[in-house]
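J.: One structure is given below, represented as structure tokens, and several questions about it will come after.
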Amino acid sequence: MHDAIVARRLTRLAGQIDIVHTWPVAASRTLRTAAQLGIPAVLERPNAHTRFAYERVRQECEQLRVSMPPGHEHDYDETILAIEEEEYRLATRLLCPSDFVAQTFRQRGFEAGKLARHQYGFDPAMYFPDDRPRDLRRGLSMLFVGGCAPRKGVHYALDAWLRSSAHVHGRFRIAGEFIPGYAERLAEKLAHPSVELLGHSSNVAQLMREADVLVLPSIEEGSALVTAEARGSGCVLLVSDASGAVCRHLENALVHRSGDVDTLTDQLNMLHDNPALLQELRARSLQTVDQITWAASGRRLLETYQETLALCDQA
Numbered sequence: 188m189h190d191a192i193v194a195r196r197l198t199r200l201a202g203q204i205d206i207v208h209t210w211p212v213a214a215s216r217t218l219r220t221a222a223q224l225g226i227p228a229v230l231e232r233p234n235a236h237t238r239f240a241y242e243r244v245r246q247e248c249e250q251l252r253v254s255m256p257p258g259h260e261h262d263y264d265e266t267i268l269a270i271e272e273e274e275y276r277l278a279t280r281l282l283c284p285s286d287f288v289a290q291t292f293r294q295r296g297f298e299a300g301k302l303a304r305h306q307y308g309f310d311p312a313m314y315f316p317d318d319r320p321r322d323l324r325r326g327l328s329m330l331f332v333g334g335c336a337p338r339k340g341v342h343y344a345l346d347a348w349l350r351s352s353a354h355v356h357g358r359f360r361i362a363g364e365f366i367p368g369y370a371e372r373l374a375e376k377l378a379h380p381s382v383e384l385l386g387h388s389s390n391v392a393q394l395m396r397e398a399d400v401l402v403l404p405s406i407e408e409g410s411a412l413v414t415a416e417a418r419g420s421g422c423v424l425l426v427s428d429a430s431g432a433v434c435r436h437l438e439n440a441l442v443h444r445s446g447d448v449d450t451l452t453d454q455l456n457m458l459h460d461n462p463a464l465l466q467e468l469r470a471r472s473l474q475t476v477d478q479i480t481w482a483a484s485g486r487r488l489l490e491t492y493q494e495t496l497a498l499c500d501q502a
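Read in order, the letters of the sequence shown correspond to residues 188 to 502 in this note's numbering.
Okay, here's the thing in structure tokens:
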């Protein structure tokens, strides 16, 4: 309904519109109308190429012997996929919030000019660090925030945590609801005394301020907002290369290849054994968080609009 209404109004406003910004699964009529009117239109890609995401999640679920709930956004749906792939075709450019997202489109033959890089952000009024000195006598505090499903890699985080020396005196807190069957599959590891299940939390900012590390070993993402929020809160990121996080390995975060539990385990040991490294990564991360606020995101989006308009003028 929204798509139909916007498409109709766009025709009436044609001479007043410079660019159209659309979102997935509700944009095909608007995009088609914009193309007919010669108005550039960008399509938000909050996640990886949908076919890639479906296939990668299905593969992970099969390995775990877990099924996605019917109707879940990552439950394979050919109808939705067809709609989204048509939107990809109709859009002037695709707004990719991370290099990982852009890569999943390049792998399927999309040209570089079709892909526009922008970024998401965080609200510094809500997500800010606790500046009190860390008690070096306590163990490492690791936090996961998000929907607990195979694509987020909670099983990899648990494996690495329990293999590492960090779990002996540390704490791994999980804030999020599990899809049916997933927690049961991981029950033995979730029952470990060092693991704390919080369920859905309405106080994520405080949890982040209390944590040393945010872990996100995703197998596919767009650009998870929690990674920016965690950096703003003073957490060191411990993330996969599929998380879409804005960070640099060994400069202000630790990054591992998706699914690489051995490397993730080694990184946890590094942080546990070397508190100075943890503090150094934290300090470097906080030095540049002004570059990933929502204000910075807005400026980058404006630049992306301008780039898109310039490319269309040249065409």
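We put the CB at the ideal spot given by N, CA and C, even for glycine.
On a predicted model such as this, the values are computed, not experimentally measured, just so you know.
What's the gap between the Cα of Leu394 and the Cα of Met313?
T.: Computed Cα separation, rounded: 12 Å.
J.: Can you look up Leu458 in the DSSP assignment and give me helix, strand or coil?
T.: Residue state, collapsed to three classes: helix.
J.: For a test of the three-state rule: what should DSSP assign to Phe365, helix, strand or coil?
T.: If DSSP states are grouped into helix, strand and coil, Phe365 belongs with the strands.
J.: CB-CB under 8 Å to Val391, same chain, minus the five flanking residues each way: which ones, in chain order?
T.: Closer than 8 Å at the Cβ level, and outside the excluded window around Val391, lie Val332, Ala362, Val413, Glu416.
J.: Taking the alpha carbon of Ser285 as the reference point, which residue from Arg471, Asn234, Asp453 has its own alpha carbon closest?
T.: Considering only alpha carbons, the answer is Asn234.
J.: When the Cα atoms are used, what is the spatial distance from Asp500 to Val433?
T.: About 31 Å.
J.: Is Thr266 buried or exposed, if buried means 16 or more other CB atoms sit within 10 Å of its CB?
T.: So Thr266 counts as exposed.
J.: From the DSSP secondary-structure annotation, give me the bridge partner or partners of Val402.
T.: According to DSSP, which records beta bridges pairwise, Val402 is partnered with Leu425.
J.: Can you list, in chain order, the residues of its chain with a C-beta nearer than 7 Å to that of Thr495? Leave out the 5 residues immediately preceding and following it.
T.: Closer than 7 Å at the Cβ level, and outside the excluded window around Thr495, lie Ile206, Pro227, Val229, Thr279, Arg280, Ala303.
J.: Report yes if the C-beta distance between Ser410 and Gln306 is below 8 Å; otherwise report no.
T.: Yes, they are a contact pair.
J.: Give me the Cα-Cα distance between Tyr369 and Val253, rounded to the nearest whole angstrom.
T.: Distance between the alpha carbons of Tyr369 and Val253 is about 6 Å.
J.: Could you tell me whether any Cβ in chain B is nearer than 8 Å to the Cβ of Ala362?
T.: Of the chains in the structure shown, none is chain B; there is only one protein chain.
J.: Quick one: what's Leu230 bridged to in DSSP?
T.: DSSP lists Thr209, Leu281 as partners of Leu230.
J.: DSSP three-state call for Ser484: helix, strand or coil?
T.: It is helical.
J.: Are the CB atoms of Asn439 and Leu468 within a distance shorter than 8 Å?
T.: Result yes, Cβ atoms of Leu468 and Asn439 sit closer than 8 Å.
J.: Can you confirm whether the segment 467-483 touches the segment 244-260 when touching is taken to mean that 3 or more C-beta pairs between the two stretches lie within less than 8 Å?
T.: No, because fewer than three Cβ pairs between the segment 244-260 and the segment 467-483 fall closer than 8 Å, the two stretches do not touch.
J.: For Gln466 and Arg486, I'd like the C-alpha separation in whole angstroms.
T.: So the alpha carbons of these two residues sit roughly 30 Å apart.
J.: Over the uninterrupted beta strand (DSSP E) stretch that includes Phe331, give me the two end residues.
T.: Per DSSP, Phe331 belongs to the beta strand (DSSP E) from 328-332.
J.: Give the straight-line distance between the Cα atoms of Arg396 and Asn461, rounded to the nearest whole angstrom.
T.: Arg396 and Asn461: Cα-Cα distance of roughly 20 Å.
J.: Pick from Arg216, Ser351, Asp477, Arg444: whose alpha carbon is nearest that of Arg276?
T.: Measuring from the Cα of Arg276, the nearest candidate turns out to be Arg216.
J.: For a quick check, are the C-beta atoms of Val442 and Asp428 less than 8 Å apart?
T.: It is a contact, given that the beta carbons lie within the stated cut-off.
J.: Alpha carbon to alpha carbon, what distance is there between Ser351 and Asp453?
T.: C-alpha separation (whole angstroms): 7 Å.
J.: Throw me the rounded Cβ distance for the Gly151 and Ala353 pair, which I believe falls under 8 Å.
T.: Shown here, the chain extends from 188 to 502; a query on residue 151 therefore has no answer.
J.: If we call anything under 8 Å between Cβ atoms a contact, is Ala347 one with Leu451?
T.: For Ala347 and Leu451, yes; Cβs fall inside 8 Å.
J.: Once the 5 residues before and after Ser328 are set aside, which same chain residues still bring their CB inside 6 Å of it?
T.: Arg358, Ala398, Asp399.
J.: For Val426, count neighbouring Cβ atoms within 10 angstroms of its own Cβ and tell me buried if that reaches 16, exposed if not.
T.: Label assigned to Val426: buried.
J.: Round the Cβ separation of Leu200 and Glu231 to the nearest angstrom and send it over; I've been treating them as touching at under 8 Å.
T.: Not confirmed; about 20 Å, so no contact.
J.: Could you tell me if Glu405 is buried or exposed, where buried requires 16 or more neighbouring beta carbons within 10 angstroms of its beta carbon?
T.: With the sequence shown as reference, residue 405 is identified as Ser, and Glu is not the correct amino acid for it. Result: buried.
J.: So, Leu403 versus Ser445, is the Cβ gap smaller than 8 Å?
T.: Contact flag unset, no.
J.: With DSSP collapsed to three states, give me the class of Gly431.
T.: If DSSP states are grouped into helix, strand and coil, Gly431 belongs with coil.
J.: Heavy atom of the ligand NAP less than 7 Å from the Cβ of Leu302, yes or no?
T.: Among the components modelled here there is no ligand, and therefore nothing to report on the ligand NAP.
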